[in-house]
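K.L.:
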Amino acid sequence: MSDPIKITEKCVFCGACVKACPFGAITQAERKTAPVIDLQKCTLCGSCVVACKFDAIWMKEKTSASIDLSAFKDVWVFAEQHDGDIQTITYELLGEGRKLADSLGMKLCAVLLGSNIQSKSQELIARGADKVYVVDRAELAHFQDEAYGNVLIELVNRHKPNVFLCGASTIGRSLVSRVAVKVNAGLTADCTGLSIDPKTLNLLQTRPAFGGNIMATIETPNARPQMATVRHKVMKEAVASPTRTGEISMETITEILLQSKAHRLKFVPEVESTMNIAEANIIVAGGRGMQSVENFSLLRKLADVLGAGVGASRAAVDSNWVAYSHQVGQTGKTVCPKIYFAIGISGQIQHLAGMQSSDIIIAINKDPDAPIFKVATYGIVGDLFAILPRLTQEFKKVLGK
Amino acid sequence: MRYVVCIKQVPETTDVKINPETNTLMRDGVVSIINPFDMYAIEEGLRLKTMTGGTVTVLSMGPPQADMAIREAIAMGADNGILVSDRAFAGSDTWATSYTLAMAIRKIGDFDLILCGKQASDGDTAQVGPGIAVHLDLPQITYVRKIESIDEKSIVAERLMENGYEVIQSPLPCVLTVVKEINEPRLPSLKGKMAAKKAVIPTWKAVDLNCDPKCIGLDGSPTKVVKIFTPAPRQGGEILKGEPEEFIPQLVAKLKDAVLGAAQ
Numbered sequence: 001m002s003d004p005i006k007i008t009e010k011c012v013f014c015g016a017c018v019k020a021c022p023f024g025a026i027t028q029a030e031r032k033t034a035p036v037i038d039l040q041k042c043t044l045c046g047s048c049v050v051a052c053k054f055d056a057i058w059m060k061e062k063t064s065a066s067i068d069l070s071a072f073k074d075v076w077v078f079a080e081q082h083d084g085d086i087q088t089i090t091y092e093l094l095g096e097g098r099k100l101a102d103s104l105g106m107k108l109c110a111v112l113l114g115s116n117i118q119s120k121s122q123e124l125i126a127r128g129a130d131k132v133y134v135v136d137r138a139e140l141a142h143f144q145d146e147a148y149g150n151v152l153i154e155l156v157n158r159h160k161p162n163v164f165l166c167g168a169s170t171i172g173r174s175l176v177s178r179v180a181v182k183v184n185a186g187l188t189a190d191c192t193g194l195s196i197d198p199k200t201l202n203l204l205q206t207r208p209a210f211g212g213n214i215m216a217t218i219e220t221p222n223a224r225p226q227m228a229t230v231r232h233k234v235m236k237e238a239v240a241s242p243t244r245t246g247e248i249s250m251e252t253i254t255e256i257l258l259q260s261k262a263h264r265l266k267f268v269p270e271v272e273s274t275m276n277i278a279e280a281n282i283i284v285a286g287g288r289g290m291q292s293v294e295n296f297s298l299l300r301k302l303a304d305v306l307g308a309g310v311g312a313s314r315a316a317v318d319s320n321w322v323a324y325s326h327q328v329g330q331t332g333k334t335v336c337p338k339i340y341f342a343i344g345i346s347g348q349i350q351h352l353a354g355m356q357s358s359d360i361i362i363a364i365n366k367d368p369d370a371p372i373f374k375v376a377t378y379g380i381v382g383d384l385f386a387i388l389p390r391l392t393q394e395f396k397k398v399l400g401k
Numbered sequence: 402m403r404y405v406v407c408i409k410q411v412p413e414t415t416d417v418k419i420n421p422e423t424n425t426l427m428r429d430g431v432v433s434i435i436n437p438f439d440m441y442a443i444e445e446g447l448r449l450k451t452m453t454g455g456t457v458t459v460l461s462m463g464p465p466q467a468d469m470a471i472r473e474a475i476a477m478g479a480d481n482g483i484l485v486s487d488r489a490f491a492g493s494d495t496w497a498t499s500y501t502l503a504m505a506i507r508k509i510g511d512f513d514l515i516l517c518g519k520q521a522s523d524g525d526t527a528q529v530g531p532g533i534a535v536h537l538d539l540p541q542i543t544y545v546r547k548i549e550s551i552d553e554k555s556i557v558a559e560r561l562m563e564n565g566y567e568v569i570q571s572p573l574p575c576v577l578t579v580v581k582e583i584n585e586p587r588l589p590s591l592k593g594k595m596a597a598k599k600a601v602i603p604t605w606k607a608v609d610l611n612c613d614p615k616c617i618g619l620d621g622s623p624t625k626v627v628k629i630f631t632p633a634p635r636q637g638g639e640i641l642k643g644e645p646e647e648f649i650p651q652l653v654a655k656l657k658d659a660v661l662g663a664a665q
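Respectively, the protein sequence lines represent chains A and B.
Take the first sequence: its position 313, counting from 1, is numbered 313 in this note's numbering, and each next residue is one higher.
For this note's numbering, add 401 to where a residue sits in the second sequence, where the first one is 1.
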């Protein structure tokens, strides 16, 4: 098999491609020789092709579309619900989906799956949906990968959406990964930016990779729907307008699609905290500097006063001061709250990867060189045990609690 | 019981640095490791094998040097490994990757449980595990934090959700993706290291897997990366100095509106 990318004789040895390669896959031994592409490192991202001013890099073209892309219309949003409650991520998707639908001149549709769920359609319409596809069946009372997946696959094949957005939640990521494979769609995970390319009308999907060290913009030129999961708290929620009207389409689904091989036996809610930190607007997080499980309660007091979720660094979780579901960072959750308190957290890169896109970061640490201060909006160098109770007290006073 | 663990070799991301002159990721000299989440998958495979008997096969798709990741898994106790490597796979996105791994698992033929980490630390997609399940038409349990029981026919596992956990029963074969909470990966043993050194690791190419050329590499990948850039680094802000009695009220006053706004 011939190489999928080559530097041709048009090359003038300028070295622009060497600099452009984000993966360090192109090297140039000396100034007057052609650069060499290491195919083991190359991901065929095409950055070098764009950077080359002499049209000297040839890259294999993808086989073009074998389907009629114009048959795919509308922007869809998966309406995630837990026990009948529409999750806030859905409203964020509707807010963003509205903009995309308007720039494409298409309808914004929500897909609502559940049991006794039809009455929730109006909430979705109020938040901007022009049309709601509803599948209301007892078998869909709670999330099941196979049944939910089968139903979405059927609806996509039936109605052919152009864009399909879903929250990058546990459910969303498990679910649409199945759907995308089955309908031969491209799927981009955990997007933090979406827009429409004005020329091609393709969806441009921007997402962090390498723990946020690089950003990549991805498109799906030859397949539809263009599917993406979207990170919590990045997009603005659509504002509800209760008088808004829209269409509700009750969809029939054959029995066999509702069957699942895997079954949920039970659900056990977390007792420690009811706050899902991925959804929290404020997070108070503690690290190694908290020193003990007892001291962690100091931090919970501040969280209570602020109505905040409790987060933790890996060190705190590994010491069993707090459950793993609270871990923020590369091996835990990625969060994007309005305010993030990092208390006794030094700010290792793995932790920063999970929280550095928070709007406001407040760091308290006794080490003035702690890396957390490099990302903190407000930094306090000092003894957290002296500062934290005072901070809690002051918030209590100011917030009138 | 036959356990197949899918692993990925990734750069040790703590070492990923950005070249300030060229503004690109410097990967030279970066140590390659097994994706941290896959370490938990390997460990869980080994634990299950101890309980039920059987074999643990490690499967990795990547460049020839991913062979090292497989050897590391053998050093931990895996019985054997297979490398799926071919230039024809270059440019694979999660669609093509899950297809290719599924074809390799088909070729392995006899398996009861497929274990994956919840996601890779470089791409962070969490899409390949469920993708494999769909390509093989199998049920899946994602974000597994504990396996409660397993027998020849079925498995019961706890799946971590945002607000608690679910207990899910699935018939075998099935695909699991695991989170960190599930176990503590062991260190390689001396005996394991010897085995890893001696192990013969077959390399399967696209032709060996009977892959449809339209479904692999660039052609099999619906998504295309059009731009890669470095986000503007976050700037450090204000360091509050002086006496806590002074700066705490100042800080709280600054944050008050944001806190009230966030509460809505």
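Cβ atoms here follow ideal geometry from the backbone N, Cα and C, with glycine treated the same way.
Quick check: is the beta carbon of G454 (chain B) nearer than 8 angstroms to any beta carbon in chain A?
P.N.:
Within the second sequence, residue 454 (chain B) is the residue found at index 53, counting from 1. By this cut-off, G454 (chain B) is not an interface position.
K.L.:
Would DSSP call N424 (chain B) helix, strand or coil?
P.N.:
Counting from 1 along the second sequence, the entry for residue 424 (chain B) is found at position 23. In this predicted model, N424 (chain B) has a pLDDT of only 47, less than 50, meaning its place in the structure is not dependable enough to derive any value.
K.L.:
Under 8 angstroms, with one C-beta from each stretch per pair, do the stretch 162-169 of chain A and the stretch 136-144 of chain A reach the 3-pair mark?
P.N.:
Counting Cβ pairs under 8 angstroms, fewer than three are found: no touch.
K.L.:
What is the DSSP secondary structure of I283 (chain A), reduced to helix, strand or coil?
P.N.:
In the first sequence, the residue the question calls residue 283 (chain A) occupies position 283. Note: I283 (chain A) maps to strand in three-state DSSP.
K.L.:
Within 8 angstroms of any Cβ in chain B, is that where the Cβ of Q40 (chain A) sits?
P.N.:
Position 40 of the first sequence holds residue 40 (chain A). Answer yes: the Cβ-Cβ gap between Q40 (chain A) and chain B drops below 8 angstroms somewhere.
K.L.:
Can you find a CB in chain A that lies within less than 8 angstroms of the CB of A664 (chain B)?
P.N.:
Mapped onto the second sequence, residue 664 (chain B) falls at position 263. Yes, because at least one Cβ of chain A sits closer than 8 angstroms to the Cβ of A664 (chain B).
K.L.:
List the residues of chain B whose Cβ lies closer than 9 angstroms to the Cβ of Y91 (chain A), in chain order.
P.N.:
Reading the first sequence from its first residue, position 91 is the one you call residue 91 (chain A). Here the premise fails: no neighbours, minimum Cβ distance about 13 angstroms.
K.L.:
Taking the alpha-carbon positions, what's the T458 (chain B) to A474 (chain B) distance?
P.N.:
The residue given as residue 458 (chain B) occupies position 57 in the second sequence. The residue given as residue 474 (chain B) occupies position 73 in the second sequence. Whole-angstrom Cα-Cα distance: 9 angstroms.
K.L.:
Could you list which residues in chain A have their beta carbon closer than 7 angstroms to that of G492 (chain B), in chain order?
P.N.:
Sequence index remark: in the second sequence, residue 492 (chain B) carries index 91 (1-based). Those within 7 angstroms of G492 (chain B) in chain A are P4, T43 and L44.
K.L.:
When the Cα of N276 (chain A) is compared with those of A:W321, A:R224 and A:T334, which residue comes out closest?
P.N.:
Here the question's residue 276 (chain A) lines up with position 276 in the first sequence. For the residues A:W321, A:R224 and A:T334, the minimum Cα distance to N276 (chain A) belongs to A:T334.
K.L.:
Report the option in A:S260, A:V381 and A:C11 whose CA atom is closest to the CA atom of P645 (chain B).
P.N.:
Position 244 of the second sequence, counted from the first residue, corresponds to residue 645 (chain B). When only C-alpha atoms are compared, the closest one is A:V381.
K.L.:
In its own chain, which residues sit with a C-beta less than 8 angstroms from the C-beta of P371 (chain A), not counting the 5 before and 5 after it?
P.N.:
In the first sequence, counting from the first residue as 1, residue 371 (chain A) sits at position 371. Counting only Cβ-Cβ distances below 8 angstroms, and skipping sequence neighbours, we find S346, G347, Q348, I349 and L352.
K.L.:
Please return the same chain residues whose Cβ sits closer than 6 angstroms to the Cβ of W58 (chain A), not counting the five positions on each side in sequence.
P.N.:
As a first step, residue 58 (chain A) is located in the first sequence; it is residue number 58 there, counting from the start. These residues qualify, in order along the chain: K6 and T8.
K.L.:
Can you say whether E582 (chain B) is buried or exposed, counting buried as having 16 or more other CB atoms within 10 angstroms of its CB?
P.N.:
The residue labelled residue 582 (chain B) in the question sits at position 181 within the second sequence. Buried, by the Cβ-count rule.
K.L.:
Give the interface partners of F395 (chain A) over in chain B, defined as CB-CB distance under 7 angstroms, in chain order.
P.N.:
Numbered from 1 along the first sequence, position 395 holds the residue referred to as residue 395 (chain A). Within 7 angstroms Cβ-Cβ: V653.
K.L.:
If you follow the alpha helix (DSSP H) that Y500 (chain B) is part of, which residue opens it and which one closes it?
P.N.:
Within the second sequence, the letter at position 99 stands for residue 500 (chain B). Taken as a continuous stretch (DSSP letters only), the alpha helix (DSSP H) holding Y500 (chain B) covers T495 to I509.
K.L.:
Is F210 (chain A) close to chain B, meaning its C-beta is less than 8 angstroms from at least one C-beta of that chain?
P.N.:
Here residue 210 (chain A) is taken as the residue at index 210 of the first sequence, counted from 1. Yes - at least one Cβ of chain B is within 8 angstroms of the one on F210 (chain A).
K.L.:
I'd like the list of long-range same chain contacts for C575 (chain B), defined as Cβ closer than 8 angstroms, with 5 residues on each side in sequence excluded.
P.N.:
Here residue 575 (chain B) is taken as the residue at index 174 of the second sequence, counted from 1. Result list for C575 (chain B): L514, I515, A534, L539, P540, Q541, I542 and I556, in chain order.
K.L.:
Could you name the residues that DSSP lists as bridge partners for Y566 (chain B)?
P.N.:
Counting from one through the second sequence, the residue named residue 566 (chain B) turns up at place 165. In the DSSP output, where bridge partners are listed per residue, Y566 (chain B) has A:V268 and B:L561.
K.L.:
Would you call the CB atoms of Y133 (chain A) and L155 (chain A) closer than 8 angstroms?
P.N.:
As a working note, residue 133 (chain A) is residue 133 in the first sequence. As a working note, residue 155 (chain A) is residue 155 in the first sequence. In this structure, L155 (chain A) lies closer than 8 angstroms to Y133 (chain A) by Cβ.
K.L.:
Let me confirm a value: Q259 (chain A) is counted as buried when at least 16 other C-beta atoms fall within 10 Å, else exposed. Which label applies?
P.N.:
Walking along the first sequence from the start, residue 259 (chain A) turns up at place 259. Result: exposed.
K.L.:
Excluding sequence positions up to five away, which residues of its chain have a Cβ less than 6 angstroms from the Cβ of T456 (chain B)?
P.N.:
For the purposes of this step, residue 456 (chain B) is taken as residue 55 along the second sequence, with counting starting at 1. If we look at T456 (chain B) and ignore the five residues flanking it on each side, its Cβ neighbours are R403 and D480.
K.L.:
Please work out which residues of its chain come closer than 7 angstroms, Cβ to Cβ, to G193 (chain A), disregarding the five sequence neighbours upstream and downstream, and give them in chain order.
P.N.:
Locating residue 193 (chain A) in the first sequence gives position 193, counting from the first residue. T206, listed in sequence order.
K.L.:
If we count Cβ pairs, one from each stretch, closer than 8 angstroms, do we get three or more for the stretch 292-307 of chain A versus the stretch 375-392 of chain A?
P.N.:
Yes: the two stretches touch, three or more of their Cβ pairs being nearer than 8 angstroms.
K.L.:
For C612 (chain B), I'd like the list of residues in its chain whose CB is within less than 7 angstroms of its CB, leaving aside the five on either flank, ordered along the chain.
P.N.:
Position 211 of the second sequence, counted from the start, is the residue given in the question as residue 612 (chain B). Result list for C612 (chain B): T501 and M504, in chain order.
K.L.:
From N424 (chain B) to S121 (chain A), what distance separates their C-alpha atoms?
P.N.:
For the purposes of this step, residue 424 (chain B) is identified with residue 23 of the second sequence, where counting begins at 1. For the purposes of this step, residue 121 (chain A) is identified with residue 121 of the first sequence, where counting begins at 1. Because the pLDDT at N424 (chain B) is just 47, under 50, the model does not fix this residue reliably, and the value given afterwards should be weighed accordingly. Roughly 47 angstroms separates the two Cα atoms.
K.L.:
For V230 (chain A) and C42 (chain A), I'd like the C-alpha separation in whole angstroms.
P.N.:
Numbered from its first residue, the first sequence carries residue 230 (chain A) at position 230. Numbered from its first residue, the first sequence carries residue 42 (chain A) at position 42. If you take the alpha carbons of V230 (chain A) and C42 (chain A), they lie about 27 angstroms apart.
K.L.:
Kindly list, in the order they appear in chain A, the residues whose Cβ is closer than 9 angstroms to that of P572 (chain B).
P.N.:
Position 171 of the second sequence holds residue 572 (chain B). Chain A residues near P572 (chain B): K261 and A262.
K.L.:
Would you tell me roughly how many angstroms separate the C-alpha atoms of S115 (chain A) and Q87 (chain A), rounded to the nearest one?
P.N.:
Taking the first residue of the first sequence as position 1, residue 115 (chain A) is located at position 115. Taking the first residue of the first sequence as position 1, residue 87 (chain A) is located at position 87. If I take the Cα positions, the gap works out to 16 angstroms.
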